[in-house]
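Have a look at the structure below, then the notes.
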Amino acid sequence: MHELGVVIEVVKTVEKVAVENHLAKIEKLVLQIGELSSMIPKYIEACYPAAIENTILQNTELKIEVMPGNGMCKSCNKVFNIKENKGVCPHCDSKAWDLLSGKEFIIKEIVAY
Ligand SMILES: [Zn+2]
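To get the working numbering, take the position in the sequence shown, counting from 1, and add 1230.
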């Protein structure tokens, strides 16, 4: 599980942003995670309480938005979900596609009081 290290990095980044923007208290953190990224939302949620202990983020709410892993088929140009279709276009059975989304790992929003 490499999520803890990543969450600690996120917390450090948010602390830096908080200092730069004079945010005294943070209410909520919103992360966007692509379903094809190596981050697993439930592991992030599991290690979040430990990562924020004794930081400015203590007692903040974590919200994770999962971004679909979509690809555009190179043969028929249709967009499909790569994960659900196991990398094969459901329209024409092609395995050639361009990734449109799904690898995101973004701090989308820091909600302060
Ligand atoms: Zn296709």
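Ideal placement from N, C-alpha and C gives every residue a C-beta, glycine not left out.
Everything numeric in this text was worked out from a predicted model, so none of it was measured.
Do the CB positions of K1255 and Y1343 come within less than 8 angstroms of each other? yes
Give the DSSP bridge partners of A1342, in chain order. I1256
Best match in V1240, S1324, S1268, V1249 for proximity to N1307 [C-alpha to C-alpha]: S1324
Report the rounded CA-to-CA distance for V1296 versus V1237, giving the unit in angstroms. 16 angstroms
Tell me which residues share the same chain as V1341 and place their Cβ nearer than 8 angstroms to its Cβ, disregarding the 5 neighbours each side in the sequence. I1256, E1257, K1258, L1259, V1260
Using 8 angstroms as the threshold, is the segment 1326-1342 in touch with the segment 1263-1282, meaning 3 or more CB pairs across them? yes
Considering only heavy atoms of ligand 1 and the C-beta of each residue, which residues fall inside 5 angstroms, strictly closer? C1303, S1305, C1306, C1319, H1321, C1322, S1324
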